[in-house]
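Worksheet for the structure shown next.
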Amino acid sequence: MIAELLPIFFFLGLQAISLCLFVLNNLFKINLLQVPVWPFWVTLAGTLIYFSSKRSKFVLVTLILSVLFSLPAFWYPVTDWDAVTLFDFRAKILMQTGQISDVLFRAKISEYPLFTSLIHFFIFRSNISSPMPLYALVYLFFGLHLYSLFHRILNVRTSLLFSLVILLAPKLFEHSLIAYTNLPYTIYLIIGTFYLYIWTNNHRRADLLLGIMFCLSTFWIRGFPFGIIPIFVAVATRIKSRKIISAILLLGGLIAIYRFWPVNIKLLLEVLDFIKWGVIKYYFPYPLIFVLTLIYQIRARAKNWFMPATILGFWAAIILGNYHYALTDPVFARIPDALQRTVMFINPAISLYFVLLSTNKSKT
Amino acid sequence: MMKSSKDRYTLSNLKLASKIKILLSILFLGVFSINFFESLNYPNYFYSHFRIIPQEANLVFGFLIILYLYSNFRHRLTNKLLQISAGLLLISIIPALLTTSSQFTARFIKVASRYDWTIEQKQELVIGKLVYFLNFVKRTVRPDSLLAAPPESLPWHYTGSSQYIRAWLYPVTVETYYLDKIEPLSADYYLISSEANGAPEHLWPDFPLAAEKIIIYDWENDIGIEYPGLDWNPDDWKGKSVWGLILTQKI
C-alpha cells in the first residue's frame, strides 16, 4: 500500500503545488515571491517520516533511488528549445515579477498550461539552481508507481519486469533529461489509464477516482484532449447494452464529420501519410504489437475491452487532431519530432495492453 | 572434505543451460561496454575505432535473448500471436535496456569529471560559443530597450528567433526583422549576426543604418570593441564574420 501511496503523493503533490501557486496568484492576487516554500518541504518531510514508520525499508530504497536518479540531473541546465523559450522562461519571469499575468504574453495558457513552469518556479524558489532533477524523478516515480500497481495482482519479480518493459518504451528515458511537458503528460495519462483499467476489473471507487484525477491532471500539463478518452471508455464499459454503445459511437462519428465537413480528402490522406511515416514507422514495431494483441483479444474472446478501446481512441484522436491542425497550417508536417514527442504515450499504452492481456487478467 | 574432480565447478562440468547463461551474461557485459563507451564519448565512437555499430550489436544480442527465452519459456506463452508480439516487444526493449543503462551509467562519469564546469560551459555543449555572445549582449544592452534581431529564417537559426533571444535577454524587448520590411525598425539596438548554421554566411543587418556607435564583439577576450560615431554599412564588414550591436541614432 505504501509502495503505491508514495508515488501517488509525489504526482498529486506536484499537481497540488502548481495549482496552489496558480490559485494564490490568480484568484487571491498574492505575489508568488511572497509565498513561502517551506510549508511544502515540511509537508514532504512529515509525509516521509510517516511512511518510514510504516515501511521504513521501502522508503529508504525509494530515497536512495531518488538520490541516484536526481544527482547527475542537478548538473544539467535547461537547454532544450521549447524549455528555454517557454516552460523555463515563464518560471524565470515569475522569479523576477511573481505575477502570472506577466507570463501570459508568451503562449495561450489553455494550450500550454503552467504546470511545469510553476514547478520550475517552485524549484528555483527553493534555491535549487536546475529544475532538471524533476524530470529524472518523474521517470523514477513512474517506475515505482507501475510496480506498485502490477504488484497488486502479480509477484515481485513479474511486477518489476513488467514495469521495466513499460519504462523502456521509446523516448521516455531520453525525456528524463529534457525539460519538456511530454514526459509528465505521458506519465499522468498512462497512470490514469492503468487505474481506470483496474477499476473496470474491481469497480473500487478509489481506483476510479484516482484514474479520473490522473487523466484530468493531463489537462494542466498540456492542452491535448487525450486524457478524456480513458475516462470516456471506462464509463462506456459500464454500459451493458451494445445498442447504446453503437449509438454513442455513431453519434461521435457524426459529430466529427459535422465538425470537419466538408472533409478535404487530399489533406486527410496527406495527414495519414504523415502519421504513417512520422509515428507508425518511427515507433515500429509498437503499432504492430498493438494489432497482433488486438487480434489475439478478438480470437481469445477476452472480455475486458478497456485497453484496446482506449488505444483505438488515442489513434482516432491523433488522426483527427493532426487533420484539425493541418487545416490551419499548410506545412503541418515540417516538425515530425513534435508529433513523435506529443504521441509518445502510445507506446507505453501498447506495452501495458500487451502485458495485461498476456497475464490473462483481461479475460475476467 | 575435498570435492572429487567430478563434483568440481569447472566449465566442463556445468550443464548446457548454465553455460548458455554464463555466455549470455558475458555477451551482455560486452555489448553493455560497447554502448557505455559510445555514450561516454561521441556517436560513432565505436565504429570509428573498431568498425562495430552499437545498435547492430544490441540487435544481435536481442535476438540471442529471444532465442534463449523461446527455447526455455515458450510454454508460459502458448499463443503464437502473443509469442510474436512478445518477440517484437523484446527486440525493441532489449536494445533500449542496453542504451538506457549505459547512458545512465555514463551520465555519472561525465558529470563527475565535469563537476566544476560553469553554466556557460554546459550551455556551450548545446549552442556552442554563441552563449558567450548572448551573455555579452545581455550585459551591454539596457534592460528597457528594444532590440532588432535578424529575420526568422535560415541561416539565423538562433539569432533570428525572437523567442529564443527574448528568453535569453529578458527583460529586453526583442523584435525580429521582416524580410519584406521597407522601413527600418525604430529599435534602440540592432543585433549584428554572422550566423551561418551550415549555410553560406549572411551578415545582418544587410542594409545601412545611421548609428550612434557600433560595438563589435571580440570572441577571444569576451569584450566589445566600440566604434563611436560610425554608421553601419554592411559592405564595410562583409567577409569579416562580425558579431555585435549597433546603437542606433534616434532622430
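As you go down the protein sequences, you meet chains P and C in turn. Each residue of the first sequence is one higher than the one before, starting from 1 at the first, in the working numbering. Each residue of the second sequence is one higher than the one before, starting from 365 at the first, in the working numbering. Every residue, glycine too, gets a C-beta built ideally from N, C-alpha and C.
Discussion item. If we define contact as Cβ-Cβ less than 8 Å, is isoleucine 430 of chain C a contact residue for chain P?
Written reply: It does not; no Cβ of chain P falls within 8 Å.
Practice prompt. Just confirm the distance between the C-beta atoms of tyrosine 360 of chain C and lysine 92 of chain P, as a whole number of angstroms; I'd bet it's less than 8 Å.
Written response: Residue 360 of chain C lies beyond the residue range present for chain C, which begins at 365 and ends at 615; the question has no answer from this structure.
Discussion item. Three Cβ pairs or more, each shorter than 8 Å: is that satisfied between the stretch 182-192 of chain P and the stretch 215-235 of chain P?
Written reply: yes
Practice prompt. Measure the C-alpha to C-alpha separation of glycine 603 of chain C and phenylalanine 500 of chain C and round it to an integer number of angstroms.
Written response: 22 Å
Item to complete: Look up glutamate 590 of chain C in the DSSP assignment and say whether it is helix, strand or coil.
Response: Glutamate 590 of chain C carries a strand assignment under DSSP once its states are collapsed to helix, strand and coil.
Worksheet entry | Proximal residues of chain C, C-beta to C-beta of threonine 406 of chain P below 9 Å | Since the displayed chain P opens at 1 and closes at 364, residue 406 of chain P lies outside it and no answer follows.
Practice prompt. Name, going along the chain, the residues of the stretch 295-321 of chain P whose beta-carbon falls closer than 8 Å to a beta-carbon of chain C.
Written response: Ile295, Tyr296, Arg299, Ala300
Worksheet item: What residues in the stretch 461-483 of chain C bring their beta carbon closer than 9 Å to a beta carbon of chain P?
Response: Leu461, Thr463, Thr464, Gln467, Phe468, Arg471, Phe472, Lys474, Val475, Ala476, Arg478, Tyr479, Trp481, Ile483
Discussion item. Could you check whether the Cβ of alanine 531 of chain C sits closer than 8 Å to any Cβ belonging to chain P?
Written reply: Interface residue (Cβ-Cβ distance to chain P less than 8 Å): alanine 531 of chain C is classified as such.
Fill in: The beta strand (DSSP E) enclosing valine 538 of chain C, as first and last residue numbers
537-540
Practice prompt. Please state if the CB of leucine 21 of chain P and the CB of glycine 122 of chain P are separated by a distance shorter than 8 Å.
Written response: A small fix is needed here, since residue 122 of chain P is phenylalanine in this sequence, not glycine. Cβ atoms of phenylalanine 122 of chain P and leucine 21 of chain P: closer than 8 Å.
Discussion item. Quick check on DSSP: helix, strand or coil for lysine 363 of chain P?
Written reply: Confidence at lysine 363 of chain P is low in this model, with a pLDDT of 46, below 50, so its placement is unreliable and the value that follows should be read with caution. DSSP places lysine 363 of chain P in helix when its eight states are reduced to three.
Worksheet item: Which residue from C:Pro407, C:Leu441, C:Leu461 puts its Cα closest to that of phenylalanine 396 of chain C?
Response: C:Leu461
Item to complete: Within 10 angstroms of the Cβ of aspartate 82 of chain P, are there 16 or more other Cβ atoms? Answer buried if so, exposed if not.
Response: Aspartate 82 of chain P should be labelled buried.
Discussion item. Against chain C, with Cβ distances strictly below 8 Å, would valine 165 of chain P count as a contact?
Written reply: yes
Discussion item. On the criterion of 16 or more Cβ atoms from any shown chain inside 10 Å, does isoleucine 17 of chain P qualify as buried, or is it exposed?
Written reply: buried
Fill in: Neighbour-count burial assignment, phenylalanine 571 of chain C, 16 or more Cβ in a 10 Å radius
Using a 10 angstroms sphere on the CB of phenylalanine 571 of chain C, the tally of other CB atoms stays under 16, which defines it as exposed.
Worksheet item: If contact means a Cβ-Cβ distance below 9 Å, which residues of the stretch 577-611 of chain C contact chain P?
Response: none
Worksheet entry | chain C contact residues for valine 84 of chain P, given Cβ-Cβ distances below 7 Å | Tyr528, Ala531
Item to complete: Drop a sphere of 10 angstroms on the beta-carbon of glutamate 590 of chain C, count the other beta-carbons inside from all chains shown, and report buried for 16 or more, exposed for fewer.
Response: Result: exposed.
Item to complete: Verify the CB distance criterion: does tyrosine 534 of chain C have a CB-CB separation below 8 Å to chain P?
Response: yes
Worksheet item: Roughly how many whole angstroms lie between the Cα atoms of tyrosine 258 of chain P and alanine 316 of chain P?
Response: Distance between tyrosine 258 of chain P and alanine 316 of chain P, taken at the CA atoms: about 16 Å.
Item to complete: Note down, in chain order, every chain P residue with its Cβ under 9 Å from the Cβ of phenylalanine 453 of chain C.
Response: Correcting the residue type first, residue 453 of chain C is leucine in the shown sequence and not phenylalanine. In chain order: Val165, Pro285, Tyr286, Ile289, Ile350, Ser351, Phe354, Val355.
Worksheet item: Whole alpha helix (DSSP H) runs in the stretch 401-432 of chain C with 4 or more residues, listed along the chain?
Response: Counting whole runs of 4 or more residues, the stretch 401-432 of chain C contains the alpha helix (DSSP H) stretches 409-414.
Practice prompt. Closer than 8 Å, Cβ to Cβ, to anything on chain P: give me those residues from the stretch 433-453 of chain C, in chain order.
Written response: So the close ones are Leu441, Asn443, Leu445, Leu446, Ile448, Ser449, Ala450, Leu452, Leu453.
Worksheet item: Is there contact between the stretch 351-359 of chain P and the stretch 460-474 of chain C, where contact requires at least three CB pairs shorter than 8 Å?
Response: no
Fill in: tyrosine 282 of chain P in three-state terms, based on DSSP
coil
Worksheet entry | Residue range of the alpha helix (DSSP H) that includes isoleucine 245 of chain P | 242-260
Worksheet item: Taking just the CA atoms, how far does serine 129 of chain P sit from phenylalanine 468 of chain C?
Response: 21 Å
Item to complete: Say whether chain P places a C-beta atom closer than 8 Å to the C-beta of serine 456 of chain C.
Response: yes
Item to complete: State the Cα-Cα distance for the pair tryptophan 601 of chain C and aspartate 508 of chain C, rounded to the nearest angstrom.
Response: 28 Å
Worksheet item: Going by DSSP, which residues form a beta bridge with lysine 577 of chain C?
Response: C:Pro592, C:Leu611
Worksheet item: In chain C, which residues lie less than 7 Å from serine 159 of chain P when you measure between Cβ atoms?
Response: Residues of chain C passing the Cβ test: none, with the nearest at roughly 16 Å.
Discussion item. Any C-beta of chain C within less than 7 Å: which residues of the stretch 109-134 of chain P qualify?
Written reply: Here the close residues number zero.
Fill in: Every unbroken beta strand (DSSP E) inside the stretch 292-319 of chain P [3 residues or more]
none
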